[in-house]
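Visitor: Protein chains in written order, with the working numbering: chain P, 1086 to 1305; chain D, 1086 to 1305.
A virtual CB, placed ideally from N, CA and C, is assigned to each residue, including glycine.
Have a look at the structure that comes next, please.
2 protein chains.
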Amino acid sequence: MLNASPLNSLEPPLGNFDLERPIAIPHQKQEQILRGAMQVFLEIGYAETSMDRVAAVAGVSKQTIYSHFGDKEGLFKALMERVTINRFRPFFCNDEKLNGEPAIVLRQVAETFLTLKSDPEYLSLLRIIISESKRFPEFAKLYTQTVIERGRELLCRYFDAHPELNFTDSEAIAQIFLGSLVSYVLAQEILYGKESIPLESERIVNSLVSLIVSDRSNQN
Amino acid sequence: MLNASPLNSLEPPLGNFDLERPIAIPHQKQEQILRGAMQVFLEIGYAETSMDRVAAVAGVSKQTIYSHFGDKEGLFKALMERVTINRFRPFFCNDEKLNGEPAIVLRQVAETFLTLKSDPEYLSLLRIIISESKRFPEFAKLYTQTVIERGRELLCRYFDAHPELNFTDSEAIAQIFLGSLVSYVLAQEILYGKESIPLESERIVNSLVSLIVSDRSNQN
DNA sequence: GTCTATACCCTGATAGAC
DNA sequence: GTCTATCAGGGTATAGAC
């Protein structure tokens, strides 16, 4: 089994991704294969995806895929590592925005996050990460690290810089803040909530912000 | 294709389940098949599950399954309908608990919900509903209806009966309350957050309750 | 390096005995 | 109703020509 692709050769042990490491630039054929693979895997999931279909969509022969990525699992891993990190890393890296009044900053964070609601690629990616979380736990962990852990850290830092918010456990509050947004997207989009129990983003943002910045000065 | 099983014969159009309709009691063989099917489907997902394996686990021949449920899709649908409704319906049906002081009632609701965190069957069910939400949207909708819609309704009714909470949009608050719990379970258990960024249930419950019951009397 | 052709396995589904 | 035996098709992966 060949394993000399730039994507795999320097790969750290599973579940121990280095988020700061720059993504290796693959050769042109590999890029072409990965683009096709992304389309198919994200559309129909791991088990349903056949290598024939990936080859057809990517416009290469099956053997070419096998020589570059070893087997189906190798292809999927290479794809998911690239796509997870590339999609989510930029999202929580712009620290500079977190300055200003809580009501305004938090509203902006929430609204930025909720743009994902109408991003089909993000929705497919989230679904496949959950779907394959048992077979490929490393990508579930990678997601929690890149999105949840980073987001929580950034929010925590902001909360701690604003003692007037009066939080006794800023980590938990950050988790609640992000979690309510994640599950709102999940329920409305992936679980078709918008078809049976629609609820506008704006209402979530308004109520969430008002809960967070509410005056707690006269409480224990 | 036979379709005379009690589970299917009276089935309403897909995506239009009647939550009040009592579940038909299947014959003994059907029960036996469904138990085996549940084990396999919840463990490894729809696409990976083979009818051979279900037959082996259930202790019947493949043909017996086919004569009862028609095909793989029919088996899965019968299973999911039963298991989704049976697992979730009782959860939000005990209205009587929702009486008393907000801080106490809401804490109890949250704690009850979070018992699901250590319920492997619930976790598998949630994962497969999300995994198959594209192929079988009807069960995603069934889930949103039985869990999210019902839960939101109950909470809304409680909130509206307690104007001192000073909510301008109790529906949105209810969504945030339940959503933060759902996503906490998702992140910690299904996405292995507890291995990399553990956070105790108690902290979530404390902060969530304190956010909700916080004094908003001197705000717009 | 990339292609065509193919080996070999396992799948969902069926036929027919009892 | 339930079983054993079997079919046709499509899956991953490989061999060998160029």
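Taking CB distances under 8 angstroms as the criterion, tell me whether Tyr1269 of chain D reaches chain P.
Guide: Your numbering for residue 1269 of chain D matches position 184 in the second sequence. So, interface residue.
Visitor: Counting only runs of 4+ residues fully inside the region 1110-1177 of chain P, write out the alpha helix (DSSP H) ranges in chain order.
Guide: 1113-1129, 1136-1143, 1147-1154 and 1157-1173, all fully within the region 1110-1177 of chain P.
Visitor: From the DSSP output, in three-state form, read off Thr1200 of chain D for me.
Guide: Locating residue 1200 of chain D in the second sequence gives position 115, counting from the first residue. It is helical.
Visitor: Using beta-carbon positions only, say whether Met1123 of chain D and Lys1157 of chain D come within less than 8 angstroms of one another.
Guide: As a working mapping, residue 1123 of chain D is identified with position 38 in the second sequence. As a working mapping, residue 1157 of chain D is identified with position 72 in the second sequence. No; because the gap between Cβ atoms is not below 8 angstroms, this pair is not in contact.
Visitor: Going by DSSP in three states, Ser1281 of chain D sits in which element: helix, strand or coil?
Guide: Along the second sequence, read from residue 1 onward, the residue named residue 1281 of chain D stands at position 196. Residue state, collapsed to three classes: helix.
Visitor: Name the chain P residues whose beta carbon is nearer than 8 angstroms to that of Arg1288 of chain D?
Guide: One-based indexing of the second sequence puts residue 1288 of chain D at position 203. Here the neighbours are Asp1254, Glu1256 and Ala1257.
Visitor: Under three-state DSSP, which class holds Thr1231 of chain P?
Guide: Here the question's residue 1231 of chain P lines up with position 146 in the first sequence. The answer is helix: DSSP assigns Thr1231 of chain P an H, G or I state.
Visitor: Given a cut-off of 8 angstroms, decide if Leu1164 of chain D and Phe1126 of chain D are closer than it, judged by their beta-carbon atoms.
Guide: By one-based count along the second sequence, residue 1126 of chain D stands at place 41. By one-based count along the second sequence, residue 1164 of chain D stands at place 79. Result yes, Cβ atoms of Phe1126 of chain D and Leu1164 of chain D sit closer than 8 angstroms.
Visitor: Give a yes or no on whether the C-beta atoms belonging to Thr1229 of chain P and Leu1276 of chain D are separated by under 8 angstroms.
Guide: As a first step, residue 1229 of chain P must be located in the first sequence, where it is residue number 144. As a first step, residue 1276 of chain D must be located in the second sequence, where it is residue number 191. The answer is yes: Cβ separation under 8 angstroms.
Visitor: Counting only C-beta atoms, is Pro1283 of chain P closer than 8 angstroms to chain D at any point?
Guide: As a working mapping, residue 1283 of chain P is identified with position 198 in the first sequence. Cβ-Cβ to chain D under 8 angstroms: no for Pro1283 of chain P.
Visitor: If we cut at 8 angstroms on Cβ distances, does Arg1120 of chain P have a partner in chain D?
Guide: By 1-based counting over the first sequence, the position of residue 1120 of chain P is 35. For Arg1120 of chain P, the answer is no, since every Cβ of chain D falls outside 8 angstroms of its Cβ.
Visitor: With a threshold of 8 angstroms on Cβ separation, who are the neighbours of Arg1172 of chain P within its own chain once the five nearest residues in sequence on each side are excluded?
Guide: Counted from its first residue, the first sequence places residue 1172 of chain P at position 87. Glu1206, Tyr1207 and Leu1210.
Visitor: Which chain P residues are close to Pro1222 of chain D, counting only those with a beta carbon under 7 angstroms from its beta carbon?
Guide: Reading the second sequence from its first residue, position 137 is the one you call residue 1222 of chain D. Those within 7 angstroms of Pro1222 of chain D in chain P are Tyr1277.
Visitor: Is there a Cβ of chain D sitting closer than 8 angstroms to that of Thr1229 of chain P, yes or no?
Guide: Here residue 1229 of chain P refers to the residue found at position 144 when the first sequence is read from its first residue. Yes, contact with chain D.
Visitor: Which residues in the same chain as Arg1301 of chain D place their Cβ atom closer than 6 angstroms to its Cβ, once the five residues preceding and following it in sequence are excluded?
Guide: Reading the second sequence from its first residue, position 216 is the one you call residue 1301 of chain D. Cβ neighbours of Arg1301 of chain D beyond the five flanking positions: Asn1251.
Visitor: Leaving out five residues before and five after Val1298 of chain P in sequence, what residues of the same chain have Cβ atoms less than 8 angstroms from its Cβ?
Guide: Counted from its first residue, the first sequence places residue 1298 of chain P at position 213. These residues qualify, in order along the chain: Pro1187, Ala1188, Leu1191 and Leu1250.
Visitor: Quick one: using the 10 Å Cβ neighbour count with 16 as the cut-off for buried, is Thr1253 of chain P buried or exposed?
Guide: If you number the first sequence from 1, residue 1253 of chain P lands on position 168. Its Cβ having fewer than 16 others within 10 Å, Thr1253 of chain P is exposed.
Visitor: Could you tell me the distance, in whole angstroms, from the CA atom of Ile1282 of chain P to the CA atom of Glu1238 of chain P?
Guide: Position 197 of the first sequence, counted from the start, is the residue given in the question as residue 1282 of chain P. Position 153 of the first sequence, counted from the start, is the residue given in the question as residue 1238 of chain P. C-alpha separation (whole angstroms): 32 angstroms.
Visitor: Kindly indicate which three-state DSSP category Ala1259 of chain D falls into: helix, strand or coil?
Guide: Walking along the second sequence from the start, residue 1259 of chain D turns up at place 174. Helix.
Visitor: Please work out which residues of its chain come closer than 8 angstroms, Cβ to Cβ, to Phe1293 of chain D, disregarding the five sequence neighbours upstream and downstream, and give them in chain order.
Guide: Reading the second sequence from its first residue, position 208 is the one you call residue 1293 of chain D. Reading off the sequence shown, one finds Leu at residue 1293 of chain D, where the question assumed Phe. Cβ within range, chain order: Leu1191, Ala1195, Phe1262, Ser1265 and Leu1266.
Visitor: Would you say Ser1152 of chain D faces chain P, with C-beta separation under 8 angstroms as the test?
Guide: Looking up residue 1152 of chain D in the second sequence gives position 67. Cβ-Cβ to chain P under 8 angstroms: no for Ser1152 of chain D.
Visitor: By Cβ distance, which residues of its chain are closer than 8 angstroms to Thr1169 of chain P, with the 5 residues on each side in sequence left out?
Guide: Start at 1 with the first residue of the first sequence, and residue 1169 of chain P comes out as number 84. Hits under 8 angstroms: Leu1210, Ile1214, Phe1224, Leu1227, Tyr1228 and Thr1231.
Visitor: Under 9 angstroms between beta-carbons, which chain P residues line up against Arg1212 of chain D? List them in chain order, please.
Guide: Locating residue 1212 of chain D in the second sequence gives position 127, counting from the first residue. Ordered by position in chain P, the residues that pass the 9 angstroms Cβ test against Arg1212 of chain D are Ile1215, Ser1216, Ser1218 and Lys1219.
Visitor: Would you decide whether Ser1268 of chain P is buried or exposed? Buried here means 16 or more other CB atoms lie within 10 Å of its CB.
Guide: Here residue 1268 of chain P is taken as the residue at index 183 of the first sequence, counted from 1. That one is buried.
Visitor: State the DSSP-derived secondary structure class of Pro1187 of chain D, mapped to helix, strand or coil.
Guide: Position 102 of the second sequence holds residue 1187 of chain D. Residue state, collapsed to three classes: helix.
Visitor: Quick one: residues in its chain with C-beta nearer than 6 angstroms to the C-beta of Ile1258 of chain P, no 5 flanking neighbours on either side, listed in chain order?
Guide: Stepping through the first sequence from its first residue, residue 1258 of chain P is reached at position 173. Here the set comprises Phe1252.
Visitor: Return no unless some Cβ of chain D is closer than 8 angstroms to the Cβ of Gly1155 of chain P.
Guide: In the first sequence, residue 1155 of chain P corresponds to position 70, counting from 1. Not closer than 8 angstroms to any Cβ of chain D, the Cβ of Gly1155 of chain P fails to qualify, so no.
Visitor: Determine the DSSP secondary structure at Leu1276 of chain D, reduced to helix, strand or coil.
Guide: Locating residue 1276 of chain D in the second sequence gives position 191, where the first residue counts as 1. Leu1276 of chain D: coil per DSSP, three-state reduction.
Visitor: Beta-carbon separation of Arg1167 of chain P and Leu1119 of chain P under 8 angstroms?
Guide: Reading the first sequence from its first residue, position 82 is the one you call residue 1167 of chain P. Reading the first sequence from its first residue, position 34 is the one you call residue 1119 of chain P. Cβ atoms of Arg1167 of chain P and Leu1119 of chain P: closer than 8 angstroms.
Visitor: For chain D, find out if any of its Cβ atoms is closer than 8 angstroms to the Cβ of Lys1202 of chain P; answer yes or no.
Guide: On the first sequence, residue 1202 of chain P is found 117 positions in, with the first residue counted as 1. No, Lys1202 of chain P lies away from the interface with chain D (no Cβ there is under 8 angstroms from its Cβ).
Visitor: I need the straight-line Cα distance from Gly1236 of chain P to Thr1197 of chain P, nearest angstrom please.
Guide: Locating residue 1236 of chain P in the first sequence gives position 151, counting from the first residue. Locating residue 1197 of chain P in the first sequence gives position 112, counting from the first residue. Rounded to the nearest angstrom, the two C-alpha atoms are 12 angstroms apart.
Visitor: According to DSSP, is Lys1219 of chain D helix, strand or coil?
Guide: Residue 1219 of chain D sits at position 134 when you count from the first residue of the second sequence. Lys1219 of chain D falls in the coil class under three-state DSSP.
Visitor: Please confirm whether Leu1284 of chain P and Glu1234 of chain D have their CB atoms less than 8 angstroms apart.
Guide: Locating residue 1284 of chain P in the first sequence gives position 199, counting from the first residue. Locating residue 1234 of chain D in the second sequence gives position 149, counting from the first residue. For Leu1284 of chain P and Glu1234 of chain D, no; Cβs fall outside 8 angstroms.
Visitor: Please tell me whether Gly1130 of chain D and Ala1132 of chain P are closer than 8 angstroms, where the distance is taken between their beta carbons.
Guide: Here residue 1130 of chain D is taken as the residue at index 45 of the second sequence, counted from 1. Here residue 1132 of chain P is taken as the residue at index 47 of the first sequence, counted from 1. Cβ atoms of Gly1130 of chain D and Ala1132 of chain P: closer than 8 angstroms.
Visitor: Using Cβ-Cβ distances below 9 angstroms, what residues of the region 1116-1148 of chain P are close to chain D?
Guide: Cβ contacts with chain D come from Glu1128, Ile1129, Gly1130, Tyr1131, Ala1132 and Glu1133.
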